[in-house]
Amino acid sequence: MWLGALGSFIAIVFGKQIYGGLGQNLFNPAMLARVVLLIAFPVEMTHWVAPSAFYDGSFYRLGVDGVSSATLLGGFKESGRQHLDVLANLLGNRNGSLGETSALLLLAGGLWLMWQRVFSWHIPLATLLGCLVPGTLHWLISPAGIVPPLAQLTSGGLLLGAFYILTDPVTGPGSVRGRLIFGALAGFITYCIRAFGNFPEGMAFAVLLVNAVTPLIDNYTRPKAYGYVGGKEKSS
44 MWLGALGSFI AIVFGKQIYG GLGQNLFNPA MLARVVLLIA FPVEMTHWVA
94 PSAFYDGSFY RLGVDGVSSA TLLGGFKESG RQHLDVLANL LGNRNGSLGE
144 TSALLLLAGG LWLMWQRVFS WHIPLATLLG CLVPGTLHWL ISPAGIVPPL
194 AQLTSGGLLL GAFYILTDPV TGPGSVRGRL IFGALAGFIT YCIRAFGNFP
244 EGMAFAVLLV NAVTPLIDNY TRPKAYGYVG GKEKSS
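Once you know that position 226 of the sequence shown is 269 in my numbering, the rest is easy, because the numbers rise by one and skip nothing.
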């Protein structure tokens, strides 16, 4: 509980209020807090209670450390290979942080929000492809120790980030082309951290990095106003 309280303080004070409050923040407050906690408390932030412990009652007989275990991506990172249970990944009967366990529910919720026009498809699709394409190519070239493409898509925070975090209108680009670049870059960074970084998951880091370059993306992808040619007003 103290980690949650500390994370809330970091998100509110350093992620939002320091920039001027609502709608003024450069970085996603939740991801900023998560990255700070992940760097400061890596063990507590990367190990989770095993799901089976709740069903057989062992969670109540043992301390949390007695039933905690690594996530799927963490298992690949530590041992080089791990059995992939597709059904468990889809339904959420696996280790992971809140909001990243059930790929099926995350996908269903994201598609419903798109259908309701809460956000467009550009950032989610670009993010998923930005991670899946290099991940698939890497896996085809050298499959040993590489997370399979299906696990890349359904594990970790990829779906959560693609549909619910990167689509934040405050910290994302305004143009369609900018959103595609923004999403693809976030997905690519996520995969690079997963494959070559010290942390098993890279979505939170990717969000902050693309948030930092959002003004630059907006500057180069801003649609030209009608009536202007080469920076000058077009004469009639």
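Built from N, CA and C at the ideal position, the CB exists for glycine as well.
Please read all numbers here as calculations on a predicted model, not as lab measurements.
Through-space distance from residue j to residue i, alpha-carbon basis
i: Ala-205; j: Thr-170; result: 6 Å
i: Ala-238; j: Ile-189; result: 7 Å
i: Ala-194; j: Trp-45; result: 31 Å
i: Asp-261; j: Ile-61; result: 23 Å
i: Val-213; j: Leu-65; result: 9 Å
i: Asn-71; j: Cys-235; result: 20 Å
i: Pro-258; j: Gly-245; result: 22 Å
i: Lys-181; j: Glu-87; result: The amino acid at residue 181 is misidentified as Lys; the sequence shows His. Straight-line Cα distance between these residues: approximately 30 Å.
i: Leu-251; j: Asn-68; result: 12 Å
i: Pro-216; j: Leu-75; result: 18 Å
i: Val-219; j: Leu-172; result: 16 Å
i: Phe-52; j: Ala-249; result: 22 Å
Continuous alpha helix (DSSP H) stretch holding residue i: start and end
i: Arg-222; result: 219 to 239
i: Phe-248; result: 246 to 255
i: Thr-170; result: 165 to 184
i: Phe-242; result: Unbroken run through Phe-242: none, as it is neither H nor E.
i: Phe-52; result: 45 to 52
Where residue i sits in the DSSP three-state scheme
i: Gln-60; result: helix
i: Ala-187; result: coil
i: Val-86; result: helix
Contacting residues, own chain, Cβ-Cβ under 7 Å from residue i (five flanking each side not counted)
i: Thr-179; result: Pro-192
Close Cβ partners of residue i (< 6 Å) along its chain, the five nearest in sequence each way excluded
i: Leu-280; result: Residue 280 cannot be examined here, being either before or after the span of the chain that is shown, 44 to 279.
i: Thr-210; result: Phe-162 and Ile-166
heavy atom of the ligand SAH below 6 Å from residue i C-beta
i: Ala-48; result: Because no ligand of any kind appears in the structure shown, any question about the ligand SAH cannot be addressed here.
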